[in-house]
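Novice:
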Amino acid sequence: MTTQPNASTQQTGNAAQNNAAQNTTASGNTSQKKQAATHSLGTAQGHDGRGRTTVADGVVAKIAGIAIQEIEGVHALGGGAARAIGNLRERVGQKDLTQGVSVEVGQTQVAVDVTLVVEYPHPLQQVADNARDAVYSAVEDLVGMEVTEVNITITDIHVPSEDNDGEADDAGHEPRVA
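The numbering of the sequence shown is the UniProt record's numbering, which starts it at 1 and goes up by one.
1) In this structure, does DSSP put L124 in helix, strand or coil?
2) With H, G and I counted as helix, E and B as strand and the rest as coil, what does DSSP make of R132?
3) Take E72 and list the residues in its own chain whose beta-carbon comes closer than 6 Å to its own, dropping the five residues that flank it on each side.
4) Please report how far the alpha carbon of E119 lies from the alpha carbon of P160, in whole angstroms.
5) Considering only the beta carbon of each residue, do V74 and L116 sit closer than 8 Å?
6) Assuming residue 180 and L77 make a contact with CB atoms under 8 Å, what is their CB distance in whole Å?
7) Keeping to the same chain, check which residues put their C-beta closer than 8 Å to that of V147; ignore five residues upstream and five downstream.
8) By DSSP, does D156 sit in helix, in strand, or in coil?
9) Closest by CA to I63, which one among R52, V101, P123 and N151?
10) According to DSSP, simplified to helix, strand and coil, what is Q107?
11) With A76 as the anchor, note down where its alpha helix (DSSP H) starts and where it stops.
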């Protein structure tokens with residue numbers, strides 16, 4: 001006696017095939033995600049052909065951040081919220097050298113975006129140009145990768161009297177009320 005598969009057996013077989021296909025796709029997506037994460041790391045062939053060097057995005061961002069902080073007229077890196085978090089971090093003894101710096105690292109090229117605050121009365125364009133030159137030099141010299149662009153956004157200017165909270169201005173004046 002031959003039995004023919006019933007509808008529930010066929011559905012079970014189809015479900016197993018679908019699950020196998022989904023598992024293959026899922027594992028394929030996982031490896032694609034790993035490749036995407038690895039792709040964001042810069043890779044350069046060693047000069048002597050004995051291997052390759054991989055540079056993480058954070059390393060490139062840190063190098064750019066250090067270079068920019070050395071520029072005259074740069075008060076701080078990052079927008080308002082990033083600077084507030086950075087101030088808290090500094091109070092506990094940690095400094096984020098990548099604050100206000102984001103990078104996109106390819107196989108041989110790097111693009112950098114920087115957000116900064118300029119000290120008043122430094123010329124904004126001159127500070128931006130100096131910061132841009134510093135990033136180009138530091139990344140190309142230290143990392144050995146071509147910098148394709150450095151985009152700089154100036155979000156604020158820092159007026160030195162803002163640090164005093166009015167204390168220096170009030171020191172020479174008599175109180176108006178007793």
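Backbone N, C-alpha and C define an ideal beta-carbon position, used for all residues, glycine too.
Specialist: Taking the definition as stated:
1) helix
2) Residue state for R132 is assigned as helix, using DSSP reduced to three classes.
3) none
4) 8 Å
5) yes
6) With the chain covering 1 to 178 only, the question about residue 180 has no answer from this structure.
7) Q109, V110, A111, V112, V135, Y136, V139 and E140
8) strand
9) V101
10) coil
11) Premise fails: A76 lies in the beta strand (DSSP E), V74 to L77, not in any alpha helix (DSSP H).
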